[in-house]
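A quick write-up on the structure given underneath.
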Amino acid sequence: MRMVVMPTNRSIVRRSYKTPSPLRSLQRKPSTSSLQFIHASKQPYIAKIISSTRDIELASTAMATAASKTMAITNKALLVMLLTVALLPLAAFASRTSAAHHGHSGHGPKPHSPPPSPLTPASPPTPAALVRSTCNSTTYPDLCISALGADPSSATADVRGLSSIAVSAAATNASGGAATAAALANATTGAAANAQATRAADATVQALLRTCAAKYGAARDALSAARESIAGQDLDFAAVHVSAAAEYPQVCRALFRRQRPGQYPAELAVREEALGQLCSVALDIIALLSSSPAPSR
Numbered sequence: 001m002r003m004v005v006m007p008t009n010r011s012i013v014r015r016s017y018k019t020p021s022p023l024r025s026l027q028r029k030p031s032t033s034s035l036q037f038i039h040a041s042k043q044p045y046i047a048k049i050i051s052s053t054r055d056i057e058l059a060s061t062a063m064a065t066a067a068s069k070t071m072a073i074t075n076k077a078l079l080v081m082l083l084t085v086a087l088l089p090l091a092a093f094a095s096r097t098s099a100a101h102h103g104h105s106g107h108g109p110k111p112h113s114p115p116p117s118p119l120t121p122a123s124p125p126t127p128a129a130l131v132r133s134t135c136n137s138t139t140y141p142d143l144c145i146s147a148l149g150a151d152p153s154s155a156t157a158d159v160r161g162l163s164s165i166a167v168s169a170a171a172t173n174a175s176g177g178a179a180t181a182a183a184l185a186n187a188t189t190g191a192a193a194n195a196q197a198t199r200a201a202d203a204t205v206q207a208l209l210r211t212c213a214a215k216y217g218a219a220r221d222a223l224s225a226a227r228e229s230i231a232g233q234d235l236d237f238a239a240v241h242v243s244a245a246a247e248y249p250q251v252c253r254a255l256f257r258r259q260r261p262g263q264y265p266a267e268l269a270v271r272e273e274a275l276g277q278l279c280s281v282a283l284d285i286i287a288l289l290s291s292s293p294a295p296s297r
C-alpha cells in the first residue's frame, strides 16, 4: 500500500496561531498610558460618584438608626399601654374596697396620742419590796423573807437594819438550841437514876449534851457581838462573829460522832441546820451592806 504525505502550510498554521481570539483580546489589561488618560479625563465624575456613594451610605445608616429608635419607643409605648389596661381594674377594686371599709367603720382618723411625759426620778422601794429584793440576794430567800417578816421593825428598816434583824433571828435560834440541849441533858440524868446498868453510858451522853448547850450559848453570844458590830458600822468584825456562831453547833455534832455514834439527838440536828442557814442569810446581807455606797452625811 502506498502512503502519501501531504505538505503542511506552516505559514497558515503560524498565522492562525498568531491571530488573537476575541476572548484573549478581552482579557488583556489596558496599558498604563490608557489608564492615566482615563483617570485624568474622568476624575471629576469619579469623585462625584464616590461622594454620592458615601452620602447614600450615611443616609442609610441614619435611617436604620432612626428606625430602630422608633421601634424601641413604639415597643415601650405598647408595654405601658398594656400595663395600664391590666392595672386599671385592680385600682378600681382597691378604691371600692377602701371606700366600703371606711363607710362601714364610721370612725374618723385616730387622734394622736399625747407625747410621753418626761421621766421622773425613781421613788425609793417600799419596805416589803426592800425586804424581797434584799432576800433575793441571799442563799435562802424564802427563809430570809420569813425571818425578817416575823420582826415588825422590818417594815421601816433599811438594809443595815435588815442585817441586824437577821442576826437577831439567828441569835434566837441559838438560844433555843442551848435550851434544847440542856433539857435533853436533864432528861438523861433522870433516866439514869432508874437504870443502874446504863448509868455510865448515860453519863457520857449527859456530858455531851451539856457541852452542846454551852456551844449553842457561845453561838448566841457571838451573834450578840455581831449585832453590836453592825450598830458600830464595823462590818468586818460582824461577819467574823456570825461565821463563828455557825461553827459552834458543828462541834457538838463532831463530839457525838466521835464518842457516841448514832446517838446525836434529832432535835439538835434540826437546830444546827436552821442556825447554819440563818447565819448564811445574815452574812449575805452584811456583804450586801458592805458593797453598797456609804450614805452621805
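Numbering of the sequence shown is given in the UniProt record's numbering, commencing with residue 1 and proceeding in unit increments.
No residue lacks a Cβ here, since even glycine has one placed at the ideal position from N, Cα and C.
Computed from a predicted structure; not experimentally measured.
Three-state class that DSSP yields for residue i in the structure shown
i	result
residue 277	helix
residue 292	coil
residue 264	coil
residue 136	coil
residue 204	helix
residue 156	coil
residue 176	helix
residue 217	helix
residue 300	Given that the chain is displayed from residue 1 to residue 297, the structure contains no residue 300 and the question cannot be resolved.
CA-to-CA distance, residue j to residue i, given in whole angstroms
i	j	result
residue 276	residue 291	23 angstroms
residue 240	residue 163	14 angstroms
residue 205	residue 260	7 angstroms
residue 231	residue 161	9 angstroms
residue 143	residue 279	11 angstroms
residue 208	residue 129	44 angstroms
residue 254	residue 281	24 angstroms
residue 264	residue 174	17 angstroms
residue 132	residue 145	7 angstroms
residue 158	residue 219	25 angstroms
residue 182	residue 210	6 angstroms
residue 252	residue 288	31 angstroms
residue 223	residue 270	19 angstroms
Residue burial classification, residue i (beta-carbon count within 10 angstroms, cutoff 16)
i	result
residue 258	exposed
residue 273	exposed
residue 262	exposed
residue 226	buried
Residue i, enclosing alpha helix (DSSP H) - first and last residue
i	result
residue 253	235-259
residue 146	141-149
Pairs of beta-carbons, one from the region 164-172 and one from the region 136-154, closer than 8 angstroms: are there three or more? In short, these stretches touch, since the Cβ pair count reaches three.
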